[in-house]
Amino acid sequence: MKCKRCGELAAVKLPSHHAGFCPDCFEVFFKRQAETAIRRHGMIKPGEKVLVAVSGGKDSLALMRVLTDLGHDVDGLHVHLGIPDSSDPVCERTEAYCQENGFRLHVLRTAEVGLAIPEVKDAVHRPICAVCGKIKRHYFNRFAYENGYTALATGHNLDDEVARLFANTLRWDAAYLSSQGPTLPGEGRFVRKIKPLYRLTEFETAAYCFLKGINHWKAACPYSGGASFTGHKKLFADLEDRSPGQKTAFYEAFLAQGRPHFKGASRGEGQDTLYACAQCGFPSSGEVCGVCRVRELVAKRKGEAD
Amino acid sequence: MITVTIDGKKPPLTYPKLKTVLQLLANLNLRVNDALIIREGELLTPDRHLRPGDHVTVRMVMSRG
Ligand code: SF4
Ligand SMILES: [Zn+2]
Ligand SMILES: [Zn+2]
């Protein structure tokens with residue numbers, strides 16, 4: 001197979017784009033997809049400082065690389081979760097990669113703010129991933145807000161977004177469908193959330209990392225019960241296989257034609273108004289936000305143990 | 001003989017005969033964009049030919065959480 005752009009031997013075949021690319025042209029393709037996403041959805045304005053949520057996995061490192069190559073002013077934030085045998089090596093690898101590539105990386109340790117994930121796990125009676133996700137989102141946003149970043153970029157790819165949209169469509173979750181998209185505007189203490197890789201598939205980010213020599217962390221978190229939406233991703237992979245381009249079509253048509261109909265949908269009684277958390281000041285649907293409540297639970301449990 | 005390692009799993013699989021990457025994918029029940037197929041540091045498209053003695057690495061692309 002030949003490269004669609006230059007005619008050299010292709011390294012990647014992309015049925016959804018009816019194309020094959022050699023390594024160099026694939027990189028051009030990848031950068032352009034990110035550029036298009038940023039432009040069409042007003043993700044980054046000239047001169048804005050962007051914080052990248054860096055987990056150390058392929059998507060976040062690819063994101064850091066491509067935003068830098070596109071000339072944006074980005075710093076990374078890695079949240080160290082305090083999970084034995086996992087958080088230290090992930091953090092070290094991520095720091096090493098960022099240092100080698102000249103990326104500025106901040107590290108925030110949840111243990112230092114009373115939220116080491118193993119302790120959280122013992123203190124709450126909910127699935128740990130839901131709570132951990134909430135804690136990470138809180139600190140990514142908070143760090144961005146407190147340090148003068150206009151936008152927070154995450155590495156969500158097309159497969160993530162399509163699977164999530166599909167799951168929420170199956171439930172007709174109107175509140176979700178009204179607010180979902182590649183850019184969520186900032187408001188008050190919420191900084192703008194952007195997903196510059198939303199037009200790129202999991203395969204494309206994996207190929208990009210391989211070709212760019214990005215040595216990402218591959219092991220799953222020990223608490224993970226498997227990646228989210230795996231079933232939905234498989235279903236969509238079958239659809240995509242039968243009619244290439246389905247994933248993009250489904251997602252883009254939702255943005256253009258579906259989403260407007262859900263505008264203003266309520267999250268349910270008492271859920272729409274946000275207050276400033278009495279403890280941390282960040283937006284909350286109750287008097288004290290979920291993260292501060294979890295912190296209290298952890299402290300209480302520790303106090304009882306002592 | 002063609003040796004195939006999937007996500008670092010040991011021992012690798014061996015195939016007496018495989019003509020193309022596409023045949024390998026079909027054997028593993030994989031779609032074109034399910035995995036990276038790597039030989040000697042190079043990514044291979046499905047139409048590429050495999051030769052006896054090749055060592056091929058299959059890297060699944062779906063993240064594991
Ligand atoms: S798998 Fe769960 S516990 Fe582990 S990092 Fe992800 S959300 Fe946190
Ligand atoms: Zn080319
Ligand atoms: Zn709070």
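Sequence order for the protein chains is A and B. Heads up, the first sequence is in full-length UniProt numbering, so the first residue is 1 and it goes up one at a time. Heads up, the second sequence is in full-length UniProt numbering, so the first residue is 1 and it goes up one at a time. Just so it is clear, CB atoms sit at the ideal spot from N, CA and C, and this is done for glycine as well.
With a minimum length of 3 residues, the unbroken runs of beta strand (DSSP E) contained wholly in the segment 47-125 of chain A fall at 49-53, 73-80 and 105-109. Setting aside the 5 residues that flank it on each side, A/M64 is surrounded in the same chain by V52, V54, V74, G76 and F103, each with a C-beta closer than 7 Å to its C-beta; the list follows chain order. Taking 8 Å as the cut-off, the Cβ atoms of B/R59 and B/I38 count as close. Between the beta-carbon of A/L197 and that of A/N157 there is about 5 Å, and that keeps the pair under the 8 Å contact cut. Look at B/M1: its C-beta is not under 8 Å from any C-beta on chain A.
Legend: CB atoms of the segment 59-86 of chain A lying less than 8 Å from CB atoms of chain B belong to residues D59.
As far as DSSP is concerned, B/V32 takes part in no beta bridge. The bridge partners DSSP lists for A/S284 are A/Y275. For A/T169, the enclosing alpha helix (DSSP H) covers residues L158 to L170. Using a Cβ-Cβ distance cut-off of 8 Å, the segment 119-136 of chain A and the segment 289-302 of chain A are in contact, since at least three pairs of beta carbons, one from each stretch, lie closer than that value. Counting along the chain, the unbroken beta strand (DSSP E) around B/T57 starts and ends at H55 to M60. By the neighbour-count definition (other C-beta atoms within 10 Å, threshold 16), A/G20 is a buried residue.
A/R267: not part of any alpha helix (DSSP H); DSSP gives it neither H nor E. In this structure, DSSP gives A/V28 a helical state, which the three-state scheme calls helix.
Taking A/L105 as reference, the option from A/F203, A/A96, A/E112 and A/F229 with the minimal CA-CA separation is A/A96. Ranked by how close their Cα comes to the Cα of B/N29, the residues A/C25, A/G186 and A/K234 have A/K234 in first place.
Contact between A/W217 and A/T68 does not hold, since the beta-carbon distance rounds to 19 Å and is not under 8 Å. Ranked by Cα distance from B/R31, the first of A/A37, A/C25 and A/S16 is A/S16. Counting every other CB atom within 10 Å of its CB across the protein chains shown gives A/M43 a total of 16 or more, marking it as buried. For A/L9 and B/L44, the gap between their C-alpha atoms comes out near 10 Å. Per the C-alpha coordinates, the member of A/S179, A/S243 and A/D241 positioned closest to A/K263 is A/S179. Within the same chain, K58 come within 7 Å of A/A206 by CB-CB distance, once the 5 residues on both sides are set aside.
Between B/D54 and chain A, the shortest Cβ-Cβ separation is not below 8 Å. Contact between A/K195 and A/E161 holds: their C-beta atoms lie close to 7 Å from each other, under 8 Å.
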